[in-house]
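Okay, structure first, notes after.
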Amino acid sequence: MEKKNLDWANLSFAYMKTDKRFVANFKGGAWDEGVLTDDDRVIITECAGVLQYSQSCFEGLKAYTTEDGHIVCFRPDLNAERMERSCLRLEMPVFPKERFIEAVVQTVYANRAWVPPYGSGATLYIRPYMFASSAVIGVKPADEYQFRILVTPVGPYFKGGVKPITIRVSDFDRAAPHGTGNIKAGLNYAMSLHPIMDAHRQGYAENLYLDPATRTNVEETGGANFIFITKDGKLVTPRSDSILPSITRRSLIHVAQHYLNMTVEERAVPLTEVASFAEVGLCGTAAVISPVGKIVNHGEEICVPSGMDAMGPVLTKLYDTLTGIQMGRIEAPEGWIKNIA
Ligand SMILES: Cc1ncc(COP(=O)(O)O)c(C=O)c1O
């Protein structure tokens, strides 16, 4: 199959309409078999549950070309399981895991001309999502839902090399105690838009959110989990019921323990401890790891010892190992890489 004629290395993180998308409908208590379609439009009633009460959730993962020329994606089973938890919390019907994985494979395969070539730094972003499509006016779950998967090619997260970022401790919370912080509900992202725009206006790349109950422990940012490296080389990452369980974080923990022989601590991380770490990173599908060089807490600056020029040595090792596994240069643990073509 001939690739699309795109300037792969200079793509941005923006939506581009590709050839096919997957659509399945839930009606009368069951999912239909779903189809791949050319039609990128969604037509729903003006009173749809998603429009009135934001009953929606989504996932994000990537397909890419490995060193030996295969198209693969990374741990789609974990996205299926996380979406299942999102659906249960939002009283939405679960799209079964095996069908989720099969639909991801079919959608990427149908759009394989859009999967960026190996070495370009670009990837095919995969967005599975579900929303309430039938009318509700009283506050209750809808009866009908649509599950869709769209794909769009996206450029490397850091163009022109990885650069440490400066973030701030936010006065806003991203989640409520016992709320929806641990699922991927669209509503969590709607309420993060004002804090992130405000952070950007003040010159910060991201918000560090504190735990909403005590505002003393580090939680995450609007779109990534934290990983910290101690001066004696341990990986520390916050444990909390109100952060999104990042698939990248869980994979990095495995890599740290089983590939790099590191000690990992998953526990509460007080903000007061952050100044003691040697390296600070954000992890997520988008960038895998983004180094943090500085954290500003109401005028007080925490300058991370690894500095503002480059990713620190331990995060670099973690990054190189995980991306090596993803790209097929390093042997992957059983079941991590789903071959598509
Ligand atoms: C709030 C939040 N935390 C963390 C992550 C990172 O998760 P993952 O590694 O599964 O992409 C994301 C992105 O999906 C996110 O939106």
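Residue numbers for the sequence shown follow this note's numbering, so the first one is 371 and each next one is one higher.
Even glycine gets a Cβ: it sits at the ideal position worked out from N, Cα and C.
Nearest-angstrom Cβ-Cβ length linking residue i and residue j, presumed shorter than 8 Å
i	j	result
E649	V684	6 Å
I496	C443	7 Å
P640	N587	6 Å
V521	V478	6 Å
F647	I599	6 Å
L406	Q476	6 Å
CB of residue i within 8 Å of CB of residue j, strictly
i	j	result
P661	G682	yes
S456	P547	no
I707	L578	no
L494	P526	no
A558	A545	In the sequence as displayed, the identity of residue 558 is Asn instead of Ala. Their beta carbons are under 8 Å apart, which means N558 touches A545 by this criterion.
K432	D447	no
I413	A711	no
A480	E372	no
E750	L563	This structure leaves residue 750 out entirely; the chain is present only between 371 and 711.
E437	R699	yes
L580	V644	no
D543	P582	yes
P608	A638	yes
T415	S504	yes
G677	P534	yes
Same chain, Cβ closer than 8 Å to residue i, neighbours up to 5 away in sequence not counted
i	result
A502	A418, G419, V420, Y423, Q425, S426, M462, P511, A512, E514 and Y515
C673	G663 and K664
I553	C427, R452, R455, S456, R459, L460 and L614
Contacts around residue i, its chain only, beta-carbon distance under 7 Å, and the 5 residues preceding and following it disregarded
i	result
W378	P486, P487, S490 and A492
T618	C653, G654, T655 and V658
L692	S621, L622, V625 and V658
R518	R391, F392, V393 and Y499
A473	F392, G404 and I519
G603	M632 and V684
G651	I597, I659, S660, P661, V662 and L685
Burial state of residue i, where buried means 16 or more other Cβ atoms lie within 10 Å
i	result
T388	buried
D409	exposed
E429	buried
Q696	buried
N380	exposed
Cutoff 6 Å; reference residue i; Cβ partners in own chain excluding five residues on either side
i	result
V634	L605, I623, A626 and Q627
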